[in-house]
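Before any comments, here is the structure.
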DNA sequence: AGATTCTCAATGCATCTGCATCGACCGTTT
DNA sequence: AAACGGTCGATGCAGATGCATTGAGAATCT
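Residue numbers (the working numbering), protein chains in the order written: chain A, 264 to 404; chain B, 264 to 404.
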């Protein structure tokens, strides 16, 4: 395996830095607004438009490990945002859905999250540049 | 604050995904080679070319919190890779330097880390594209 | 000098994470 | 039906993290 060029290393460093900074901005904004962390939002959002859904079907979309997801769900259930129901036809599992409070929480989080995204990306690049960036990034996945 | 456009949101998602995948690849490669995690490499590398150095002067370059860095250093010291010495002229602090084993560990990690970088970026984009990407990412920092 | 304020680095505590494993249940095979 | 391997989701444990605070020492002020 040939070792990376200087440009490749520079790009690597910037990729790591940029995404860390972007994520940090968003997490901080949520925290300062007294709201739960980003991963809660992703879960609530997923539950919102595919509902009811089983935990194992969330692993892919949320890119989360099984145990990680299990505990994330437990936290949101404890917070009253998510409801666990027995799963019809499979007594091992259960299905998840949002509570009223869960829907409200997602709604409350979006303005803060969205503003952070806008601040991180929207105000720093033109629409064309974002399109170019998105195209290049996709090639990395 | 205006909410992000669809392209902005897409770009955000891809940025987060791409960097998570890239970092994951590297961490996994190191783990599978029986080597310490990425952050150890960053510390060892920093120590290699600015030495001796004090912990607080590493916070910036490593983008680490004070307590986080303090514990990272403690781990590498325990592993015999880093040496703490009393700091001349400031009895509160100490200076850090690499041990022989530390230098060797950095050397052992680079091929694995470098290969992961090359695999994540080098084989997926042309040099021109990497340059474009690096340019766009810099604007986010 | 003495008092006050600031900086450096470590740490107690609660929470979170990764790994391995568990118990429960499903589906298939014989 | 009994046995077996596979899947679902939770959890014990060890280690890592974030937050707030500490103790020691430096710097500044009066």
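Just so it is clear, CB atoms sit at the ideal spot from N, CA and C, and this is done for glycine as well.
The model shown is predicted, which means the values in this text are computed figures rather than measured ones.
For residue 371(A), the nearest candidate out of 301(A), 352(A), 335(A), 396(A) (CA to CA): 301(A)
Residue 269(A) classed as buried or exposed, judged by whether at least 16 other C-beta atoms fall within 10 angstroms: exposed
If we cut at 8 Å on Cβ distances, does residue 284(A) have a partner in chain B? yes
List the DSSP bridge partners of residue 290(A). None; residue 290(A) has no bridge partner.
Tell me the rounded alpha-carbon separation between residue 395(B) and residue 326(A). 28 Å
Using a Cβ-Cβ cut-off of less than 9 Å, give me the residues of the segment 266-283 of chain B that come near chain A, in sequence order. 266, 267, 268, 270, 271, 272, 273, 274, 275, 276, 277, 278, 279, 280, 281, 282, 283
Between the CA atoms of residue 374(A) and residue 397(A) - distance to the nearest angstrom: 22 Å
Reduced DSSP secondary structure (H/G/I, E/B, other) of residue 315(A): coil
Any beta-carbon of chain B closer than 8 Å to the one on residue 368(A)? no
Less than 8 Å between CB atoms is the rule here; does residue 372(B) satisfy it with respect to chain A? no
Going along the chain, which residues of the segment 313-347 of chain A sit with their C-beta nearer than 9 Å to a C-beta in chain B? 326
Whole-Å CB distance - residue 282(A) paired with residue 331(B), under 8 Å assumed: Actually they are not in contact, since the Cβ atoms of residue 282(A) and residue 331(B) sit about 18 Å apart, beyond 8 Å.
Can you name the residues of chain A whose CB is closer than 9 Å to the CB of residue 355(B)? The premise fails here: residue 355(B) is roughly 29 Å from chain A at the closest Cβ pair, so nothing lies under 9 Å.
Residues near residue 358(B) by beta carbon distance below 7 Å, same chain, minus five either side: 315, 316, 317, 348, 350
Does residue 395(A) come within less than 8 Å of chain B when only Cβ atoms are used? yes
Suppose the cutoff is 8 Å on Cβ atoms and the five residues either side in sequence are ignored; what does the same chain contact list for residue 322(B) look like? 328, 329, 332
So with Cβ pairs under 8 Å, would you call residue 363(B) a contact of chain A? no
Compare the Cα-Cα distances from residue 305(A) to each of 353(A), 355(A), 345(A), 401(A) and report the closest residue. 345(A)
The alpha helix (DSSP H) that contains residue 374(B), what's its start and end? 363-380
Counting contacts by CB-CB distance shorter than 8 Å, is residue 308(B) in contact with chain A? no
For residue 346(B), the first and last residue of its enclosing alpha helix (DSSP H): From DSSP, residue 346(B) is part of no alpha helix (DSSP H) but of the beta strand (DSSP E) over 345-349.
Option in 356(B), 339(B), 387(B) with minimal Cα separation from residue 365(B): 339(B)
Helix, strand or coil: which one does DSSP assign to residue 395(A)? helix
With DSSP as the reference, label residue 339(A) as helix, strand or coil. helix
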